[in-house]
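Asks: So that we are looking at the same thing, I have put the structure below in structure tokens.
Protein chains: 2
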Amino acid sequence: MGESILSNTAFQMSLLMFVAIAGYLIAYRINQSAVVGIIIAGIIVGPSLLGWVTYTDFVSTLGNLGAVVLLFTIGLEFSLKDILKVRYFLIALCGVIVPAICGYFLAVLFGYDFKASIIIGTALTATSIAITANVLREMGKLKTETAKAIIGAAVIDDVLALLALSVSKGLVSGDLSAANITIAAAKAVGFLVIAVLVGRFLLSRLMLYLDKTKIAAKYPESLFIFAIMVAFFYATMAELIGLSAIVGSFLAGASLEGAKMMRGKVFKEGAEHLQIIFASIFFVSLGVIMDFHAVNVSLICFILALSAVAILTKIIGCGLTALVQRMSIKDSIIVGTGMVPRGEVAMIVALIGLNQGIINQSAYSALVLMSLITTIIPPIALRNWLYKDSRQVI
Amino acid sequence: MGESILSNTAFQMSLLMFVAIAGYLIAYRINQSAVVGIIIAGIIVGPSLLGWVTYTDFVSTLGNLGAVVLLFTIGLEFSLKDILKVRYFLIALCGVIVPAICGYFLAVLFGYDFKASIIIGTALTATSIAITANVLREMGKLKTETAKAIIGAAVIDDVLALLALSVSKGLVSGDLSAANITIAAAKAVGFLVIAVLVGRFLLSRLMLYLDKTKIAAKYPESLFIFAIMVAFFYATMAELIGLSAIVGSFLAGASLEGAKMMRGKVFKEGAEHLQIIFASIFFVSLGVIMDFHAVNVSLICFILALSAVAILTKIIGCGLTALVQRMSIKDSIIVGTGMVPRGEVAMIVALIGLNQGIINQSAYSALVLMSLITTIIPPIALRNWLYKDSRQVI
């Protein structure tokens with residue numbers, strides 16, 4: 001075992017890192033976020049084109065680790081206070097409901113069955129926090145009120161989308177009764193509340209306490225290991241309750257917020273470094289799992305329609321809600337546009353659908369491509385049109 | 395695939411992190427380095443006692459990743475100039491030859507066959523850089539001449555031990571001819587030279603160049619991924635050439651030294667954070683792979699004799715060489731004692747021997763226990779006796 005696996009492990013790791021580096025070069029070349037480039041690199045080396053990398057256990061295991069770590073670090077970026085604002089909740093809610101309904105009916109229109117349509121609708125709900133925040137940071141707009149609305153709503157949106165995922169999991173598993181849906185939602189909300197309370201008032205305090213002990217003074221790295229343990233423990237619990245593992249790790253990150261002010265700062269930076277390596281493996285794996293041999297003309301039509309629906313429903317759903325909340329028309333369009341990128345959560349939903357046999361390869365490819373398209377367009381729109389004349393909006 | 399593995403992955407990761415945390419508590423309790431505590435925790439949860447964790451593919455894959463990352467970060471600690479001093483080379487050489495010969499004959503005395511005795515002798519050669527350096531740092535002695543001698547020799551020692559490993563691999567594979575041994579040594583030395591030259595004059599410069607490009611400005615994390623790619627690529631090459639993968643990653647770290655002064659410092663700190671998580675999984679796996687059901691009275695005698703030989707041969711081999719080089723008697727004993735810990739390299743040698751069926755479970759357990767014992771004694775000796783009266787030696 002050992003030696004041959006070590007050989008394999010080392011080679012596969014260097015190959016995956018190489019693909020990720022290629023992804024950065026692509027991203028730079030096409031002036032996009034790294035995520036987009038790495039997924040494209042994954043598509044190129046995957047079975048769609050070169051066939052160098054396949055979706056082995058090794059790739060999927062490390063990719064799954066990466067997804068958990070990614071959402072943990074995203075969670076660390078947000079305090080629960082930032083997230084829990086009614087205004088943002090309403091923007092997020094409309095940004096979930098409108099795309100879900102329109103996505104569902106579009107899928108039905110294109111001949112997908114009930115279960116697949118539910119998954120496709122669900123995949124349209126989530127906003128990528130990472131991509132949106134990154135675009136705003138690159139443009140120096142993070143401190144504006146518009147940006148806070150986008151980020152706050154995007155975070156709530158992710159949680160709602162993940163709740164939608166567990167509800168739709170219940171739906172596709174055939175448990176259609178109102179009671180079952182209520183139970184699934186109650187379990188999800190119950191887990192959210194308990195996870196946040198335990199994280200905030202028990203684990204954060206425990207970490208702050210441990211930080212002052214002699215153990216942490218002697219072994220400062222132990223607190224980092226503790227934080228990662230919590231992330232994976234929350235991920236495990238979320239799965240046990242029927243939620244996606246990444247909801248758990250996101251909540252772990254968001255609720256350990258109180259412990260972020262520890263000496264050494266080891267744990268947040270450390271998590272980011274883990275994320276750099278393993279999230280890039282995750283993005284590579286998203287490209288690798290795609291197989292474009294399934295793509296044909298009717299699928300291309302579906303992809304284009306799906307992307308158009310994905311973009312318009314977010315702009316309308318979120319933008320109108322922002323407008324009702326007395327934001328200016330331009331700011332409302334910025335909020336709506338900022339919510340367009342679907343990114344990793346949509347891909348995770350698609351992956352779950354594929355792995356459970358609910359959607360086929362072509363629908364999976366369509367969702368991933370939709371996610372790529374919606375990720376590429378808003379940065380261009382924000383940079384070239386919406387923020388063009390205004391150096392400082394609000 | 396995805397979902398069930400994710401569940402598995404998340405649960406196993408949280409369990410491994412939990413074991414590592416327990417290891418820190420044990421280490422603190424018995425006032426030892428974290429390595430010792432984590433291995434003991436691994437022994438406790440492994441098949442020897444509780445049986446919670448077994449040596450699955452998941453554990454071995456992540457453990458192997460951890461070994462590569464660990465030696466990479468150790469490599470980053472050293473510039474090649476620090477390592478390549480003739481004085482330290484001589485100390486290291488005697489600290490390799492004396493233990494190897496004595497270990498071999500002790501094993502023969504205890505009835506082990508030729509191949510097993512070679513592996514046991516080889517396992518006695520390596521000094522753990524991590525443990526020695528950590529002990530010296532804890533005592534604030536890192537800047538002393540004695541400490542530099544210990545660390546320099548320990549580094550060369552590791553390289554020599556790893557060369558010894560490849561030579562003994564040749565020996566146990568039956569290729570006993572002088573020509574074959576020469577070829578193995580030449581290949582190892584050739585790899586060392588080429589790896590160092592490429593790392594130092596090509597990859598380091600490439601990284602420094604990349605650091606100044608717009609790509610690195612836009613995606614600073616890409617250089618970190620590049621460094622990790624180099625580490626695993628070197629590990630792969632080392633294995634292809636017949637060396638251990640960790641020699642490769644150590645050399646990658648040591649030869650990328652020129653690139654350490656990059657802005658952001660992302661890559662060294664990042665590698666350390668990867669190492670914190672994955673090296674702790676590696677140490678857990680070292681404990682988990684042990685099975686003490688094989689331990690009996692005659693094995694205990696062998697373990698005690700082996701540990702005594704391991705301690706005395708390093709003190710005599712390295713200490714005498716230091717004495718010849720006009721160090722004081724006390725400093726020479728300190729150098730010899732500082733070289734006693736065997737740590738991870740000995741365990742890796744033992745693991746390779748076990749995986750290739752050259753040594754059995756009981757010999758493996760003996761080597762790991764020897765490694766633990768030699769790791770525990772020097773910190774006690776240095777702290778309580780050798781550095782007791784001297785606040786500042788030299």
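If you read the protein sequences in the order shown, they are chains A and B.
Going letter by letter, the first sequence gives residues 1 to 394 in my numbering.
Going letter by letter, the second sequence gives residues 395 to 788 in my numbering.
Even glycine gets a Cβ: it sits at the ideal position worked out from N, Cα and C.
Please read these numbers as outputs of a predicted model, since none were measured by experiment.
Out of A:L25, A:F11, A:L15, A:A10, which one is the CA nearest neighbour of P614 of chain B?
Replies: As a working mapping, residue 614 of chain B is identified with position 220 in the second sequence. Per the Cα distances, A:L25.
Asks: With the cut-off set at 7 Å, would you say L243 of chain A and A195 of chain A are in Cβ contact?
Replies: As a working mapping, residue 243 of chain A is identified with position 243 in the first sequence. As a working mapping, residue 195 of chain A is identified with position 195 in the first sequence. Result no, Cβ atoms of L243 of chain A and A195 of chain A do not sit closer than 7 Å.
Asks: Using the Cα positions of I39 of chain A and G23 of chain A, report the straight-line distance between them to the nearest angstrom.
Replies: Residue 39 of chain A sits at position 39 when you count from the first residue of the first sequence. Residue 23 of chain A sits at position 23 when you count from the first residue of the first sequence. Cα-Cα distance, rounded: 7 Å.
Asks: Out of B:N425, B:M407, B:L410, B:N402, state which residue places its alpha-carbon closest to the alpha-carbon of I215 of chain A.
Replies: Within the first sequence, the letter at position 215 stands for residue 215 of chain A. Out of B:N425, B:M407, B:L410, B:N402, B:N425 has the C-alpha closest to the C-alpha of I215 of chain A.
Asks: What are the uninterrupted segments assigned as alpha helix (DSSP H) that are 4 or more residues long and contained completely in the segment 403–454 of chain B, given in chain order?
Replies: Listed in chain order, the complete alpha helix (DSSP H) runs (minimum 4 residues) inside the segment 403–454 of chain B are 428–439.
Asks: Can you name the start and end residues of the alpha helix (DSSP H) that Y234 of chain A belongs to?
Replies: Sequence index remark: in the first sequence, residue 234 of chain A carries index 234 (1-based). First-last of the alpha helix (DSSP H) with Y234 of chain A: 221–241.
Asks: Go ahead and label Y234 of chain A buried or exposed: buried means 16 or more other beta carbons lie within 10 angstroms of its beta carbon, across all protein chains shown.
Replies: As a first step, residue 234 of chain A is located in the first sequence; it is residue number 234 there, counting from the start. The residue is buried, with at least 16 neighbouring Cβ atoms inside 10 Å.
Asks: Let me know the alpha helix (DSSP H) ranges lying completely inside the segment 466–509 of chain B, each 4 residues or longer, listed in chain order.
Replies: You should have 474–477, 480–503.
Asks: Using a Cβ-Cβ cutoff of less than 6 Å, which residues in the same chain neighbour V463 of chain B once the five nearest sequence positions on both sides are dropped?
Replies: Stepping through the second sequence from its first residue, residue 463 of chain B is reached at position 69. Once the five neighbours on either side are set aside, the close Cβ partners of V463 of chain B are L668, Q669, F672.
Asks: With a CB to CB cut of under 6 Å and the five nearest residues on each side skipped, what residues in its chain are close to A107 of chain A?
Replies: For this step, residue 107 of chain A is matched to residue 107 along the first sequence. Here the set comprises S117, I120.
Asks: Return helix, strand or coil for R326 of chain A, following the three-state DSSP convention.
Replies: Taking the first sequence and counting its residues from 1, one reaches residue 326 of chain A at position 326. Coil.
Asks: Give me the chain A residues within the contact set of G664 of chain B, using Cβ-Cβ distance strictly less than 7 Å, ordered along the chain.
Replies: Along the second sequence, read from residue 1 onward, the residue named residue 664 of chain B stands at position 270. Neighbours of G664 of chain B on chain A, chain order: H273, I276.
Asks: List, from N- to C-terminal side, the alpha helix (DSSP H) runs of 4 residues or more that fit wholly inside the segment 661–745 of chain B.
Replies: 691–718, 723–732, all fully within the segment 661–745 of chain B.
Asks: Our contact map puts A435 of chain B next to V413 of chain B with C-beta atoms below 8 Å; I'd like the distance itself, whole angstroms only.
Replies: As a working mapping, residue 435 of chain B is identified with position 41 in the second sequence. As a working mapping, residue 413 of chain B is identified with position 19 in the second sequence. Between V413 of chain B and A435 of chain B the Cβ distance is about 5 Å, and since that is below 8 Å, they are a contact.
Asks: Any chance the segment 281–295 of chain A sits against the segment 57–67 of chain A, with 3 or more Cβ pairs inside 8 Å?
Replies: These segments touch.
Asks: Hey, would you say M764 of chain B sits closer than 7 Å to L680 of chain B, going by beta carbons?
Replies: Along the second sequence, one-based indexing puts residue 764 of chain B at 370. Along the second sequence, one-based indexing puts residue 680 of chain B at 286. The answer is no: Cβ separation not under 7 Å.
Asks: Please state the DSSP three-state secondary structure of Y387 of chain A.
Replies: Looking up residue 387 of chain A in the first sequence gives position 387. If DSSP states are grouped into helix, strand and coil, Y387 of chain A belongs with coil.
Asks: Considering only the beta carbon of each residue, do R423 of chain B and Q719 of chain B sit closer than 7 Å?
Replies: For this step, residue 423 of chain B is matched to residue 29 along the second sequence. For this step, residue 719 of chain B is matched to residue 325 along the second sequence. No, the pair does not count as a contact, with Cβ atoms beyond the cut-off.
Asks: Anything in chain B within Cβ reach of I228 of chain A, meaning under 8 Å, just list it in chain order.
Replies: Start at 1 with the first residue of the first sequence, and residue 228 of chain A comes out as number 228. Under the 8 Å cutoff, chain B gives M407, M411, I671.
Asks: Within 7 Å of any Cβ in chain B, is that where the Cβ of T61 of chain A sits?
Replies: Sequence index remark: in the first sequence, residue 61 of chain A carries index 61 (1-based). It does: the Cβ of T61 of chain A has a partner Cβ on chain B nearer than 7 Å.
Asks: Just to confirm my understanding: we take L299 of chain A, look at its own chain, exclude 5 residues before and 5 after, and list those with CB closer than 7 Å. What are they?
Replies: By one-based count along the first sequence, residue 299 of chain A stands at place 299. So the qualifying residues of the chain are S362, A366.
Asks: What three-state label does DSSP hand I359 of chain A in the structure shown?
Replies: Counting from one through the first sequence, the residue named residue 359 of chain A turns up at place 359. Three-state result, I359 of chain A: coil.
Asks: Can you list, in chain order, the residues of its chain with a C-beta nearer than 6 Å to that of T516 of chain B? Leave out the 5 residues immediately preceding and following it.
Replies: For this step, residue 516 of chain B is matched to residue 122 along the second sequence. Same-chain partners within the cutoff: A558, L559, S562, V743.
Asks: In the structure shown, what three-state DSSP assignment does G140 of chain A receive?
Replies: As a first step, residue 140 of chain A is located in the first sequence; it is residue number 140 there, counting from the start. Reduced to three states, the DSSP call for G140 of chain A is coil.
Asks: Determine, using beta carbons only, whether V553 of chain B and G711 of chain B come nearer to each other than 7 Å.
Replies: Here residue 553 of chain B corresponds to residue number 159 of the second sequence, with the count starting at 1. Here residue 711 of chain B corresponds to residue number 317 of the second sequence, with the count starting at 1. Not in contact: V553 of chain B and G711 of chain B (Cβ atoms no closer than 7 Å).
Asks: So, for C488 of chain B: in the same chain, excluding its five sequence neighbours on each side, which residues have a beta-carbon less than 8 Å away from its beta-carbon?
Replies: Numbered from 1 along the second sequence, position 94 holds the residue referred to as residue 488 of chain B. Same-chain partners within the cutoff: G711, C712, L714, T715.
Asks: Give the range of the alpha helix (DSSP H) segment to which V553 of chain B is assigned.
Replies: Taking the second sequence and counting its residues from 1, the one referred to as residue 553 of chain B is at position 159. Unbroken alpha helix (DSSP H) run through V553 of chain B: 539–566.
Asks: So, does the CB of V68 of chain A fall closer than 7 Å to a CB anywhere in chain B?
Replies: Taking the first residue of the first sequence as position 1, residue 68 of chain A is located at position 68. It does: the Cβ of V68 of chain A has a partner Cβ on chain B nearer than 7 Å.
Asks: Note down the Cα distance separating G431 of chain B from I438 of chain B, rounded to an integer number of angstroms.
Replies: Walking along the second sequence from the start, residue 431 of chain B turns up at place 37. Walking along the second sequence from the start, residue 438 of chain B turns up at place 44. Distance between the alpha carbons of G431 of chain B and I438 of chain B: 10 Å.
Asks: Put S522 of chain B into one of helix, strand or coil per three-state DSSP.
Replies: Within the second sequence, the letter at position 128 stands for residue 522 of chain B. Correct three-state label for S522 of chain B: coil.
Asks: Per the contact definition of three or more C-beta pairs closer than 8 Å, is the segment 641–652 of chain B in contact with the segment 438–454 of chain B?
Replies: With a cut-off of 8 Å, the segment 641–652 of chain B and the segment 438–454 of chain B do not count as touching, because too few Cβ pairs lie within range.
Asks: Rounded to the nearest angstrom, what separates L171 of chain A and A133 of chain A at their Cα positions?
Replies: Along the first sequence, one-based indexing puts residue 171 of chain A at 171. Along the first sequence, one-based indexing puts residue 133 of chain A at 133. Approximately 32 Å between the Cα atoms of the pair.
Asks: CA-CA distance, M797 of chain B and A217 of chain A?
Replies: The requested residue 797 of chain B is not part of the displayed model; chain B covers only 395 to 788.
Asks: Please list the partners that N360 of chain A has in chain B, where partner means a Cβ-to-Cβ separation under 8 Å.
Replies: The residue given as residue 360 of chain A occupies position 360 in the first sequence. None at all; the shortest Cβ gap to chain B is about 15 Å.
Asks: Apart from the five residues on each side of it in sequence, which residues of its chain come closer than 8 Å, Cβ to Cβ, to R342 of chain A?
Replies: Locating residue 342 of chain A in the first sequence gives position 342, counting from the first residue. Same-chain partners within the cutoff: A123, L124, A126, T127, S128, A310, M370, S371, T374, T375.
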